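Chains as they are written, first to last, in my numbering: chain A, 7 to 239; chain B, 7 to 239.
Even glycine gets a Cβ: it sits at the ideal position worked out from N, Cα and C.
Every value quoted in this text rests on a predicted model; they were computed, and no experiment measured them.
Report on the following structure.
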């Protein structure tokens with residue numbers, strides 16, 4: 007009924023109203039030939055949860071997504087599909103200037119093959135060396151040009167996760183980083199749950215216990231919003 | 007109604023009754039570290055279509071599947087999930103001896119990293135060489151040990167597809183090969199349609215025009231069945 011709809015809307019505090027949120031999600035694919043590619047285990051679920059939660063709480067959302075099987079349920083989200091790290095770099099830079107909050111939840115390939123074959127590589131007897139070059143570091147490049155954007159990275163680590171995450175926060179001029187130890191049960195790629203630690207640039211650390219990625223997304227957005235308000239004072 | 011069900015069953019000619027069919031499907035994933043892997047664009051659709059069609063026409067079916075988003079609709083199909091080329095090799099050998107028709111529709115990685123890292127590789131400045139070694143050739147190994155099995159391969163090619171397919175048929179001691187030029191619109195990976203050429207070891211060539219993978223699966227199975235009956239005479 008109309009009453010239900012109104013009540014439902016009233017119960018949501020639109021704390022991100024007026025904010026433009028840019029989120030990247032999913033893996034990238036780095037092509038070797040028309041058939042083969044490198045990729046990673048990112049399902050895109052954490053990034054999609056952030057995009058959905060941001061839209062739910064009133065933000066205008068652009069979601070730059072690598073190849074995933076996921077669909078967006080909120081049709082106000084502006085979804086941009088990309089495949090490679092280079093395409094993701096370009097899409098993130100296209101939308102960066104006009105964003106207030108930028109969250110890089112995508113697992114972007116660090117390396118891409120130097121040579122891409124137009125035709126399927128024929129296999130040969132013996133070993134093969136694949137020459138890889140570094141992709142452009144999207145977060146680092148955004149950190150270098152940022153003005154008022156609140157820039158948030160993710161660190162998916164398998165060891166010394168907090169230490170590695172803090173290094174990344176500093177090196178890339180981030181405002182906050184969400185660290186998860188993907189070797190922990192219930193955390194990381196593929197699953198519907200996560201366990202993370204949110205750290206801002208003052209090194210204030212907030213642990214978010216095991217919860218669904220949807221719940222975690224909402225908490226991360228509330229931490230970001232609070233940090234942004236604190237900075238204004 | 008019961009009448010409909012009976013009529014539906016009566017209209018299906020169970021030409022594969024009594025046959026044991028082993029099908030491989032999908033890509034494999036070759037692990038670099040806990041996050042990164044090599045893979046390919048195989049969706050698994052052609053292999054799943056073959057498994058479903060074989061079961062529909064009366065065969066007892068085992069489907070060895072790499073990682074795909076697909077589900078099997080016929081619950082009589084014995085589905086075995088594998089991830090790597092090595093696991094697929096082992097599963098195919100486990101079921102081979104007890105099979106009558108063996109169709110390798112999977113796109114198995116030819117190469118796998120020599121070193122697999124237990125922890126996520128940290129990126130370094132500069133280039134990276136990934137050392138790859140050959141995986142075991144599943145079809146070749148099955149061709150070498152086969153007794154009465156009718157062994158069918160697939161050749162997904164981007165150039166000189168018939169020529170390359172025929173070489174593969176001979177080299178791997180196949181009974182037939184299904185050749186598709188994946189650079190043709192409507193053919194190959196990911197889509198719901200395909201365009202193939204079926205060639206048996208007498209080099210009798212049958213073109214199957216653009217059709218759904220389900221329709222193509224049925225035609226391939228009928229060609230196989232006819233060839234097997236011809237051989238008995």
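Note down, in chain order, every chain A residue with its Cβ under 8 Å from the Cβ of residue 74 of chain B. Per Cβ cutoff of 8 Å: no residues; residue 74 of chain B is ~10 Å from chain A at best.
When we look at the beta-carbon of residue 48 of chain A and count the other beta-carbons within 10 Å, is it buried (16 or more) or exposed? buried
Taking one C-beta from the stretch 197–210 of chain B and one from the stretch 177–188 of chain B each time, how about it: are there three or more such pairs within less than 8 Å? yes
Looking at the C-beta of residue 41 of chain B, does it have a partner C-beta in chain A at a distance below 8 Å? yes
Taking Cβ-Cβ distances below 9 Å as the criterion, which residues of the stretch 98–117 of chain B are in contact with chain A? 113, 115, 116 and 117
Here's a check: name, in chain order, each residue in its chain whose Cβ is nearer than 6 Å to the Cβ of residue 32 of chain B, leaving out the five neighbours to either side. 48, 50, 71, 72, 74 and 112
Just checking: is the beta-carbon of residue 138 of chain B within a distance shorter than 8 Å of some beta-carbon in chain A? yes
Please report the residue range of the alpha helix (DSSP H) in which residue 204 of chain B lies. Careful: residue 204 of chain B lies outside any alpha helix (DSSP H), inside the beta strand (DSSP E) at 199–206.
Contacts that residue 92 of chain B makes with chain A (C-beta to C-beta distance below 9 Å): Near residue 92 of chain B there are no residues of chain A at all, since even the closest Cβ is about 16 Å away, more than 9 Å.
Give me, in chain order, the residues of the same chain whose beta-carbon lies closer than 6 Å to that of residue 86 of chain A; leave out the 5 immediate sequence neighbours on both sides. 70 and 97
Run of the alpha helix (DSSP H) containing residue 233 of chain B, from where it starts to where it stops: 219–238
Note down the Cα distance separating residue 220 of chain B from residue 99 of chain B, rounded to an integer number of angstroms. 26 Å
List the residues of chain A that residue 134 of chain B touches, going by C-beta distances under 7 Å, in chain order. 117 and 138
CA nearest to the CA of residue 25 of chain A, picked from A:77, A:117, A:55 and A:155: A:155
Taking all protein chains shown into account, decide if residue 226 of chain A is buried (16 or more other Cβ within 10 angstroms of its Cβ) or exposed. buried
What residues of chain A sit near residue 47 of chain B, judged by a beta carbon separation below 7 Å? 41
Test: residue 189 of chain A CB closer than 8 Å to a CB of chain B: yes
With DSSP as the reference, identify every bridge partner of residue 52 of chain B, one or two as the case may be. DSSP, once it has assigned bridges, lists no residue as partnering residue 52 of chain B.
DSSP-derived helix/strand/coil call for residue 43 of chain A: strand
Beta strand (DSSP E) segment containing residue 160 of chain A, residue limits: 156–163
Using a Cβ-Cβ distance cut-off of 8 Å, determine whether residue 125 of chain A contacts chain B. yes
Where does the unbroken alpha helix (DSSP H) through residue 1 of chain B begin, and where does it stop? With chain B running from 7 to 239 in the structure shown, residue 1 of chain B is simply not present.
When you compare each of A:20, A:218, A:169 and A:79 to residue 209 of chain A by their alpha carbons, which one comes out closest? A:169
Those runs of the beta strand (DSSP E) which lie wholly inside the stretch 67–116 of chain B and span at least 3 residues: 84–87 and 107–110
Looking at the secondary structure, which residues open and close the alpha helix (DSSP H) in which residue 120 of chain A lies? Premise fails: residue 120 of chain A is in no alpha helix (DSSP H) and is neither H nor E.
Taking any Cβ of chain A, which residues in the stretch 145–164 of chain B have a Cβ under 9 Å from it, in chain order? 162, 163 and 164
My parser needs the beta strand (DSSP E) runs of 3 or more residues fully inside the stretch 13–37 of chain B; what are they? 26–31
Beta-carbon of residue 44 of chain B versus every beta-carbon of chain A: anything under 8 Å? yes
Looking only at DSSP bridge pairs, what is residue 143 of chain B linked to? Note: residue 143 of chain B sits in no beta bridge, so no partner.
Enumerate in chain order the residues of its own chain whose CB-to-CB distance from residue 140 of chain A is below 7 Å, with the five nearest sequence positions on each side excluded. 116 and 117
Taking C-alpha atoms, which residue in A:52, A:89, A:143 and A:38 lies nearest to residue 217 of chain A? A:52
For residue 110 of chain B versus residue 159 of chain B, is the C-beta distance shorter than 8 Å? yes
Bridge partners - residue 186 of chain B, DSSP secondary structure assignment: B:162
If we cut at 8 Å on Cβ distances, does residue 129 of chain A have a partner in chain B? yes
From the DSSP output, read off the bridge partner residues of residue 209 of chain B. Bridge partners of residue 209 of chain B: none, in fact.
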